[in-house]
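Enquirer: Shown below is the structure under consideration.
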């Protein structure tokens with residue numbers, strides 16, 4: 039009988055697949071929402087790299103000497119319902135209404151900001167006549183503008199038409215009810231200018247002269263009711279970070295290298311993320327959530343370079359600037375002093391507006407047109423003055439002591455010289471978003487000759503790289519009907535949604551990955 043051949047030894051079972059590693063750059067709202075969403079995908083290891091010593095990004099909750107929390111970056115939540123991911127109800131299934139304070143816009147007071155470019159003179163409450171005229175000018179020019187914009191948008195969507203800056207379009211408006219800007223009195227011109235700055239400065243941190251007529255407001259509307267977290271927006275980011283086990287602070291990323299098939303040490307399709315300290319992390323995919331201002335600054339090196347389309351979008355989109363000065367006082371001198379423009383049952387304004395005359399509109403005047411009373415929010419005697427665009431740039435050059443003295447001088451012009459003389463300031467906080475290397479500005483806007491299609495290009499994946507952040511927020515492209523209008527740019531809500539979207543894109547990418 040022939041000798042039976044020995045059976046071959048069966049091969050060892052294949053090793054279990056290694057978990058996919060995803061690196062998220064940035065622990066702001068977009069980065070945290072992306073990382074949280076990725077934790078729902080099995081088999082992933084998620085590492086979040088943050089250059090700052092804290093999480094939150096442009097959500098910057100600081101603490102005053104008495105423990106009061108002040109948001110020096112993002113501050114407002116639009117709408118308080120379980121469908122809004124920025125509310126406590128969405129996070130813990132409990133309304134926790136005490137965590138949020140609604141802003142009472144009806145209690146707002148308006149003052150006439152008079153003086154010269156160097157000094158704010160005594161600034162009386164805006165008269166009922168001026169308030170009525172302000173509303174009239176705002177309504178008539180808004181109606182005329184939207185009619186003009188609609189016609190220009192129709193042409194632009196067909197691939198034709200020329201964009202212009204927003205203020206030039208406002209100056210061109212005429213009708214039987216509105217003779218044109220140049221025919222208005224100097225006072226009416228100041229009122230009209232304020233009406234439009236109120237729309238541009240705070241929502242987009244940009245001047246109307248730099249914004250696109252066609253697309254400056256091409257985002258979705260949000261609920262009118264607005265809220266602030268009593269203990270600061272960081273109440274939210276701390277909850278978002280609870281389930282993330284690998285957040286590395288003080289980890290500034292210097293370069294992102296994508297494998298092109300000939301880079302030693304990288305497998306196919308992998309990414310090498312280099313940290314300034316010298317460490318390099320290897321990942322299957324990377325979500326980049328750094329602000330548009332950082333991308334424009336060019337401090338983050340991409341190898342190979344990003345696509346031409348994305349680079350052009352980065353170049354065309356704009357970054358605005360809005361800085362805050364928060365002062366805590368021993369006394370609440372701004373309450374109980376009624377004015378003709380106060381409409382609240384209790385004489386407690388949540389917001390104080392200053393309507394500047396022509397001289398006070400100059401950037402060198404360092405005028406603030408918007409002051410928020412945080413006593414209804416925090417219970418403490420805190421005012422936050424907002425400085426936008428060129429005034430915000432100049433503000434960053436001053437010391438905190440000089441800034442404090444300047445704001446006190448403005449407040450004394452409304453509430454009397456004793457404010458400046460006997461103010462008893464207990465705390466002073468100042469933001470400087472332009473000089474912040476991890477922000478390089480406040481938030482994005484659409485300049486002349488840009489469009490929401492640039493936001494779409496910025497947000498598009500270049501696998502294995504994915505992108506998120508408020509500047510990436512946009513709507514869908516519909517031929518001849520929409521050039522990606524929509525989205526929620528310049529908001530925390532928009533940043534959050536782009537993080538979720540990027541995580542979904544990563545999940546789809548990994549399913550296709552061998």
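In our numbering, the protein residues as written are 39 to 552.
Beta carbons: idealized from backbone N, C-alpha and C, even for Gly.
(1) Does DSSP put residue 415 in a helix, in a strand, or in coil?
(2) Any idea if residue 96 is buried or exposed, counting beta-carbon neighbours within 10 angstroms, 16 or more meaning buried?
(3) What does DSSP give as the partner residue(s) for residue 394 in the beta ladder?
(4) In three-state terms, what does DSSP make of residue 453?
(5) The beta strand (DSSP E) that contains residue 109, what's its start and end?
(6) At a threshold of 8 Å, does residue 426 count as lining the ligand FAD (C-beta to nearest heavy atom)?
(7) In terms of alpha-carbon separation, which member of 498, 484, 497 lies closest to residue 203?
(8) Ignore the nearest five residues each way along the sequence and tell me which others in residue 522's own chain have a CB closer than 6 Å to its CB.
(9) Would you kindly work out how many angstroms separate the C-alpha atoms of residue 446 and residue 500, rounded to a whole number?
(10) Just to confirm the assignment: which complete beta strand (DSSP E) runs, minimum length 3, are found wholly within the region 193 to 280?
(11) For residue 50 and residue 510, I'd like the C-alpha separation in whole angstroms.
(12) Per DSSP, what are the beta-bridge partners of residue 285 in this structure?
(13) Taking the continuous beta strand (DSSP E) assigned at residue 59, which residues delimit it?
(14) Applying the criterion that 16 or more other CB atoms from any shown protein chain within 10 Å of the CB defines a buried residue, is residue 390 buried or exposed?
(15) Between the region 397 to 407 and the region 141 to 157, can you find at least three pairs of beta-carbon atoms closer than 8 Å?
(16) Are the beta-carbon atoms of residue 285 and residue 73 separated by less than 9 Å?
(17) Quick test of your reading: residue 418 and residue 104, contact by CB under 8 Å. State the CB separation rounded to the nearest angstrom.
(18) Taking just the CA atoms, how far does residue 57 sit from residue 253?
(19) Excluding sequence positions up to five away, which residues of its chain have a Cβ less than 8 Å from the Cβ of residue 383?
(20) Using the three-state DSSP reduction, which class does residue 297 fall into: helix, strand or coil?
(21) Any idea what DSSP makes of residue 520, helix, strand or coil?
(22) Please report the distance separating the alpha-carbon of residue 337 from that of residue 479.
(23) If you compare alpha carbons, which of 206, 170, 174 is closest to residue 186?
(24) Using a Cβ distance threshold of 8 Å, determine whether the region 338 to 345 contacts the region 80 to 89, with at least three qualifying pairs required.
(25) Do residue 346 and residue 291 have their CB atoms nearer than 9 Å?
(26) Check for me: the alpha helix (DSSP H) holding residue 349 runs from which residue to which?
(27) Within the same chain, show all residues whose beta-carbon is closer than 6 Å to that of residue 351, passing over the 5 residues directly before and after it, in chain order.
(28) Check whether the Cβ atoms of residue 325 and residue 198 sit closer than 9 Å, and answer yes or no.
(29) Using beta carbons (cut-off 9 Å, strictly below), is residue 150 in contact with chain C?
(30) Taking just the CA atoms, how far does residue 451 sit from residue 433?
(31) Does the separation of the CB atoms of residue 481 and residue 332 fall below 9 Å?
(32) By a C-beta neighbour count over all protein chains shown, 10 Å radius and 16 as the cutoff for buried, is residue 48 buried or exposed?
(33) Can you tell me which of 256, 440, 163, 112 puts its alpha carbon nearest to the alpha carbon of residue 520?
(34) Sorted by chain position, which residues of the same chain lie with C-beta nearer than 7 Å to residue 461's C-beta, five sequence neighbours on each side aside?
(35) Provide the residue(s) that pair with residue 341 in DSSP beta bridges, ordered along the chain.
(36) Could you name the residues of the same chain whose beta carbon sits closer than 6 Å to that of residue 35, not counting the 5 residues immediately before and after it, in chain order?
Expert: So, from the listed chains and residues:
(1) helix
(2) buried
(3) 151
(4) helix
(5) 107 to 109
(6) For the ligand FAD, the structure offers nothing, since it holds no ligand at all.
(7) 484
(8) 490, 491, 494, 512, 513, 515
(9) 50 Å
(10) 264 to 267
(11) 48 Å
(12) 86
(13) 58 to 63
(14) buried
(15) yes
(16) yes
(17) 7 Å
(18) 43 Å
(19) Caution is warranted here: a pLDDT of 42 is assigned to residue 383, below 50, making its placement in the model unreliable, and no coordinate value can be reported.
(20) coil
(21) strand
(22) 14 Å
(23) 206
(24) no
(25) no
(26) 346 to 354
(27) 492, 495, 496
(28) no
(29) Note that chain C does not occur in the displayed structure, where there is just one protein chain.
(30) 19 Å
(31) no
(32) exposed
(33) 256
(34) 367, 446
(35) 295
(36) Lying outside 39 to 552, the shown extent of the chain, residue 35 is not represented and no answer is given.
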